[in-house]
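J.:
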Amino acid sequence: MSLSEDELSELKCSIQAQISRLDVKNKVRAVLDEVYATTGGRETGLEDLLVALRRRGIVDELVGQLRFDEELPGRIEPSKCEHPPCSTRLHHEALNDIGMGIARRHLCLEVQGGRAFLEHLGMQPRESAGTLSLSLHCRAQRCHSRPAPCACEPDLRVSFVMQLHSGNAASRMADGASLLAIKDPVQMILVRTDSAGDTELVSSHWLEWRSVLASPGSGWNTAIELKGVESESGVSVGVLDLRLQLVPPLEQPLDRDVVKAQLALEQRRKAERERLFLVYAKQWWREYLNIRPSHASRLVKIFAQGEVQEHAALLCNLLLGFGLDAYMCLGSKHGGDFYAWVMTRSHSGTTTFWESQTGCRFLHLLSTNTSVSSMTPPTPRHPYHTVGCVFNHSAFYANIQPTVDVSDCLFDLSNSSHWKAMSPEALSAAGAGNGPAPPPLTPPAIDPIVASNELEMQLRVVIAQHRETLSLSTVWDDQLCYLLSPALAAYELERATGLVPGKAEFEDAVRRIVPDGHTFKAFPIHFNHRQAHRVLETALSYPVCNEVVACRGDEVHIAVRVRVFAYPEHTCAVWVMFACTYSSVL
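Residue numbering for the sequence shown follows full-length UniProt numbering, starting at 1 and increasing by one per position.
Here's what the structure looks like:
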């Protein structure tokens, strides 16, 4: 049986975790010392050493402890680790050499199970209540566990192995002082997936792992209490039992007081940065109110939370990543509702508003009633009424113009008579060292061609079954199905770029294939999942699609085409087009 590179890495992760847990190294050394003593120091061959190890039962014990069958209780499953391209090679080299004296040090985090997940109290582990999966992020490395059925004591047993070196320091062994200087915590994310495939964030926890540096043998057992998210952030979700192990272990553990002092020092520095920024922000706010007392009623918020705000923050970060001069705007919509959107400014001074919920863009013009959209179909007017402040990762500006009406505001942020800026140095100091490096994106995990074909075949089955319940037979038109593909590709390109290519060519191709006297109907629709029954159920809620799928007439031919477009972070865009040709009997 041949193993892929990922499967081989998983196998090595599992073996190394068991070697560390069972203290195999010390047992092997004891056997070697015994063999050396009995032979009087004579040279001993490899076969003699293996025989001695088998006689003592060490090999059988290790093999017996390795559980690869998913149904075996108490198993420890290897995790799948993802790394940025620059460190993938170093990671696999480290896995190959781990425990063999090579100068690489890793953190092995073993999850030994979960308990007190009271939301699932009384639920059997095999009930169809969904699954729980655990993801870790540390130093630009991401690891994911296999899903475990939801239960009061979920079988979350998995080992994660993460490298504790940056790319330029992986060639030498990191000592205790170097490891103590690593400030990146381990972020643990617990996600629940229901039977329909929908995911829900259950908990997010930051684990400070450096206590392991002061533990004998560089091993540390602990339990962490997971808290809920958003409105349930103070509610306990459950408890995870963990064991952390440095591989290879430190020759001499650090003094526990030294580790505590370092962690306390970092906390004091962080608190001092936050205190200084708070003092500056209060002074800045007083100056802002002194400009005009009515500023107190404006929407100027440094810390804003909510679904719309989170979407806008994500979009702003994306545009900043592409090199645009992007800012998040806080204000209100027409009607007075608090709202957030994104603004970009070009080198020529053109201001564009971006709607994070729909992707629509609006060109801002200095006119009370003029604002044109850059996408088709054009939107006559943007929905934004007032703007209180704009900001991004390095700048914050509060609106001090006489009016907060977006249509009458100037967005020349360098004009201090229109916008009051916060000190960039204060903003930078407040955010310095407050979080680890952002994790790398997970590459697409599906083959879009295979996924498209599978979903299309499933849709053919459910469509035929649906028509059968209507006492209608189904005749498929494979050639028409083939011709629908360019249209679906064009729809996705339009969503991504705003361009609409190949429309005339598609219409010509359809006219050529549809016989004279026949009618062609089609209905395209977009999804972000690949569940055939849900796709058809949603599509049939539209009258046009219902007419296509339940088409009656003479010489009715049905067609369905699916195109799946894979994106990072397990995201996919699914386009489905239902079509039919028929000759009317009326």
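C-beta: ideal position from N, C-alpha, C; glycine also. Note that the coordinates shown come from a computational prediction; the quantities given were computed from them, not determined experimentally.
1. I need the straight-line Cα distance from residue 649 to A451, nearest angstrom please.
2. Using the DSSP secondary-structure output, state which residues sit across from V239 in a beta bridge.
3. Identify the continuous beta strand (DSSP E) that holds H364 and give its terminal residues.
4. Between V202 and the rest of its own chain, which residues show a CB-CB distance below 8 Å, the 5 nearest in sequence each way excluded?
5. Taking just the CA atoms, how far does Q262 sit from R210?
6. Give the DSSP bridge partners of N399, in chain order.
7. Please classify M577 as buried or exposed, where buried requires at least 16 neighbouring CB atoms within 10 angstroms.
8. Counting only runs of 3+ residues fully inside the UniProt domain "Centrosomal protein of 76 kDa C-terminal" (450 to 582), write out the beta strand (DSSP E) ranges in chain order.
9. Please report how far the alpha carbon of R89 lies from the alpha carbon of V562, in whole angstroms.
10. Over what stretch of residues does the alpha helix (DSSP H) that includes L263 continue unbroken?
11. Just how far apart, CA to CA, sit E93 and E251?
12. Please report the distance separating the alpha-carbon of K503 from that of V564.
13. CB-CB under 6 Å to P515, same chain, minus the five flanking residues each way: which ones, in chain order?
14. Measuring straight from C-alpha to C-alpha, what distance separates C316 and T352?
15. How about S215: is its Cβ closer than 7 Å to a heavy atom in the ligand ZN?
16. Quick check for students: name the residue ranges of the alpha helix (DSSP H) that lie wholly in the stretch 176 to 201, counting only runs of 4 or more.
17. Ends of the beta strand (DSSP E) at Q252?
18. Taking the alpha helix (DSSP H) that H311 belongs to, which residues open and close that run?
19. Residues in its own chain within less than 8 Å of Y567 by CB, not counting five upstream and five downstream?
20. Do K420 and Y384 have their C-beta atoms closer together than 8 Å?
21. Within the same chain, show all residues whose beta-carbon is closer than 6 Å to that of A116, passing over the 5 residues directly before and after it, in chain order.
22. Could you compute how far the alpha carbon of H418 sits from the alpha carbon of R345?
23. Across the stretch 241 to 255 and the stretch 204 to 224, are there enough close Cβ pairs to call them in contact, namely three or more that are closer than 8 Å?
24. Using DSSP's beta-bridge definition, name the partner residues of L330.
25. Alpha carbon to alpha carbon, what distance is there between S135 and M162?
26. Which residue's Cα is closest to the Cα of V158: C143, A151, Q283 and A340?
27. Excluding sequence positions up to five away, which residues of its chain have a Cβ less than 7 Å from the Cβ of H137?
28. Excluding the five sequence neighbours on either side, which residues of its own chain have a C-beta within less than 6 Å of the C-beta of L314, listed in chain order?
29. Provide the residue span of the beta strand (DSSP E) that contains W354, from first to last.
30. Would you decide whether residue 608 is buried or exposed? Buried here means 16 or more other CB atoms lie within 10 Å of its CB.
31. With distances taken from CA atoms, which of W476, I463 and K521 is nearest L540?
32. Skipping 5 residues on each side, what residues in its chain have a beta carbon closer than 6 Å to that of V406?
33. At which residues does the beta strand (DSSP E) containing S135 begin and terminate?
34. Alpha carbon to alpha carbon, how far is A264 from D194?
35. Can you tell me whether E34 is helix, strand or coil according to DSSP?
36. Name the two residues that bound the continuous beta strand (DSSP E) containing Q163.
T.: Judging by the given coordinates:
1. Because the chain here runs from 1 to 586, residue 649 falls outside it and cannot be looked at.
2. In the sequence shown, counting from the first residue as 1, residue 239 sits at position 239. In DSSP, V239 forms a bridge with R115 and E225.
3. Here residue 364 is taken as the residue at index 364 of the sequence shown, counted from 1. Element bounds for H364: R361 to H364.
4. Translated into the one-based positions of the sequence shown, residue 202 becomes position 202. Cβ neighbours of V202 beyond the five flanking positions: L132, L190, V191, R192, L226, G228, V229 and V237.
5. Position 210 of the sequence shown, counted from the first residue, corresponds to residue 210. Position 262 of the sequence shown, counted from the first residue, corresponds to residue 262. In a straight line, the C-alpha of R210 is about 10 Å away from that of Q262.
6. The residue you call residue 399 lines up with position 399 of the sequence shown. BP columns for N399 point to W419.
7. Here residue 577 refers to the residue found at position 577 of the sequence shown. M577 is buried by the Cβ-count criterion.
8. List check, beta strand (DSSP E) in window: 519 to 527 and 554 to 567.
9. Along the sequence shown, read from residue 1 onward, the residue named residue 89 stands at position 89. Along the sequence shown, read from residue 1 onward, the residue named residue 562 stands at position 562. Residue placement at R89 is flagged as unreliable, the pLDDT there being 34, under the threshold of 50; the coordinate-derived value follows with that caveat. Their Cα atoms are separated by approximately 37 Å.
10. Residue mapping note: residue 263 aligns to position 263 of the sequence shown, counting from 1. Where L263 is concerned, the enclosing alpha helix (DSSP H) stretches over R256 to I291.
11. As a position in the sequence shown, residue 93 is number 93, starting the count at 1. As a position in the sequence shown, residue 251 is number 251, starting the count at 1. Unreliable placement is indicated for E93, whose pLDDT of 40 sits below 50; the coordinate value is still reported in the next sentence. Cα-Cα distance, rounded: 22 Å.
12. As a position in the sequence shown, residue 503 is number 503, starting the count at 1. As a position in the sequence shown, residue 564 is number 564, starting the count at 1. Their backbone Cα atoms lie some 20 Å apart in a straight line.
13. Here the question's residue 515 lines up with position 515 in the sequence shown. Closer than 6 Å at Cβ, skipping near neighbours: no residue.
14. As a first step, residue 316 must be located in the sequence shown, where it is residue number 316. As a first step, residue 352 must be located in the sequence shown, where it is residue number 352. Distance between the alpha carbons of C316 and T352 is about 12 Å.
15. No copy of the ligand ZN appears in this structure; indeed no ligand is present at all.
16. Entirely contained in the stretch 176 to 201, the alpha helix (DSSP H) runs reaching 4 residues are, in chain order, 176 to 180.
17. For the purposes of this step, residue 252 is taken as the residue at position 252 of the sequence shown. Premise fails: Q252 is in no beta strand (DSSP E) and is neither H nor E.
18. Taking the sequence shown and counting its residues from 1, one reaches residue 311 at position 311. First-last of the alpha helix (DSSP H) with H311: E307 to G321.
19. For the purposes of this step, residue 567 is taken as residue 567 along the sequence shown, with counting starting at 1. Taken in chain order, the residues that qualify are P444 and A573.
20. Position 420 of the sequence shown, counting from 1, holds the residue named residue 420. Position 384 of the sequence shown, counting from 1, holds the residue named residue 384. The answer is no: Cβ separation not under 8 Å.
21. Indexing the sequence shown from 1 puts residue 116 at position 116. Closer than 6 Å at the Cβ level, and outside the excluded window around A116, lie G238 and V239.
22. Within the sequence shown, the letter at position 418 stands for residue 418. Within the sequence shown, the letter at position 345 stands for residue 345. A straight-line Cα-Cα distance of about 16 Å links H418 and R345.
23. Yes, since at least three Cβ pairs between the stretch 241 to 255 and the stretch 204 to 224 fall closer than 8 Å, the two stretches touch.
24. Translated into positions along the sequence shown, residue 330 becomes position 330. The partner list for L330 (beta bridge, DSSP) reads A340 and C389.
25. The residue given as residue 162 occupies position 162 in the sequence shown. The residue given as residue 135 occupies position 135 in the sequence shown. Rounded to the nearest angstrom, the two C-alpha atoms are 12 Å apart.
26. Stepping through the sequence shown from its first residue, residue 158 is reached at position 158. Closest option to V158, Cα to Cα, is C143.
27. As a first step, residue 137 must be located in the sequence shown, where it is residue number 137. The residues are Q187 and P439.
28. Taking the first residue of the sequence shown as 1, we reach residue 314 at position 314. If we look at L314 and ignore the five residues flanking it on each side, it has no Cβ neighbours.
29. Here the question's residue 354 lines up with position 354 in the sequence shown. From DSSP, the beta strand (DSSP E) with W354 extends over T351 to W354.
30. The structure shown does not extend to residue 608, since the chain is modelled only from 1 to 586, so the question has no answer here.
31. Within the sequence shown, numbered from 1, the residue matching residue 540 stands at position 540. Here the closest residue by C-alpha is I463.
32. The count along the sequence shown starts at 1 and reaches residue 406 at position 406. Correct list, in chain order: Y384 and V387.
33. If you number the sequence shown from 1, residue 135 lands on position 135. Segment T131 to C138, the beta strand (DSSP E) holding S135.
34. As a first step, residue 264 must be located in the sequence shown, where it is residue number 264. As a first step, residue 194 must be located in the sequence shown, where it is residue number 194. If you take the alpha carbons of A264 and D194, they lie about 41 Å apart.
35. As a first step, residue 34 is located in the sequence shown; it is residue number 34 there, counting from the start. Note: E34 maps to helix in three-state DSSP.
36. If you number the sequence shown from 1, residue 163 lands on position 163. Where Q163 is concerned, the enclosing beta strand (DSSP E) stretches over R157 to Q163.
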